[in-house]
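Residue numbering for the sequence shown follows my numbering, starting at 194 and increasing by one per position. Just so it is clear, CB atoms sit at the ideal spot from N, CA and C, and this is done for glycine as well. Treat the numbers as computed from the prediction; the structure is a model and nothing was measured. The structure appears below as structure tokens.
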Amino acid sequence: MSLQRQFYLIARNLDRVDDDIRHRLLDVSPKLFELAADIAQFPPSLQPEFREIIAILTEVQPIFSSRRNTSILFDREGLGSVGRKTATNLAQRILSLANEFKEKEEE
Numbered sequence: 194m195s196l197q198r199q200f201y202l203i204a205r206n207l208d209r210v211d212d213d214i215r216h217r218l219l220d221v222s223p224k225l226f227e228l229a230a231d232i233a234q235f236p237p238s239l240q241p242e243f244r245e246i247i248a249i250l251t252e253v254q255p256i257f258s259s260r261r262n263t264s265i266l267f268d269r270e271g272l273g274s275v276g277r278k279t280a281t282n283l284a285q286r287i288l289s290l291a292n293e294f295k296e297k298e299e300e
């Protein structure tokens, strides 16, 4: 499967509305980290955005992988609204990048 197709499918997983975006973001993070190893296959114009997304994903990873609530996405302030907003914004950036990547591949 092509890198572009893999990235697009990962991004589509973030577009579901059936559960908490914070959990979905943490679920797809390992797959995105794997794709980051092949960043040279991304179009050069999209690489800086992808690097920034990976940097943010690294920051929001749980301190203990077995306890998701140790991620800064599960903050106590505002009953988690700050973490949800951060996760939603990051997911939107990933979806936008996937769509842009798809368009560039089709050119």
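Beta-carbon within less than 6 Å of residue i's beta-carbon, same chain only, minus the 5 sequence neighbours each way: which residues are those?
i, result
"Ala229", "Ile247"
"Val253", "Ser264, Ile265, Leu266"
Hey, how far is the Cα of residue i from the Cα of residue j?
i, j, result
"Pro241", "Ser259", "30 Å"
"Ile287", "Thr263", "23 Å"
"Gln199", "Arg261", "25 Å"
"Glu298", "Gln197", "8 Å"
"Ser274", "Arg244", "26 Å"
"Leu202", "Lys224", "10 Å"
"Phe257", "Phe235", "31 Å"
"Gln285", "Leu218", "11 Å"
"Arg215", "Glu296", "27 Å"
"Ala233", "Thr251", "19 Å"
Label residue i either buried or exposed according to how many other C-beta atoms from any shown protein chain fall within 10 Å of its C-beta, with 16 as the threshold for buried.
i, result
"Phe294", "buried"
"Thr279", "buried"
"Val210", "exposed"
"Arg269", "exposed"
"Ala204", "buried"
"Ala291", "buried"
"Phe226", "exposed"
"Leu272", "exposed"
Go through its chain and collect everything with a Cβ distance to residue i's Cβ below 8 Å, but skip five positions before and after it.
i, result
"Ile249", "Leu283"
"Asp231", "Leu196"
"Leu207", "Ile214, Arg217, Leu218, Val221, Ala284, Ile287, Leu288"
Can you list, in chain order, the residues of its chain whose CB lies under 7 Å from that of residue i, leaving out five sequence neighbours each side?
i, result
"Thr281", "Ile214"
Every unbroken alpha helix (DSSP H) within the segment 231 to 297, with a cutoff of 4 residues, ordered by chain
240 to 253
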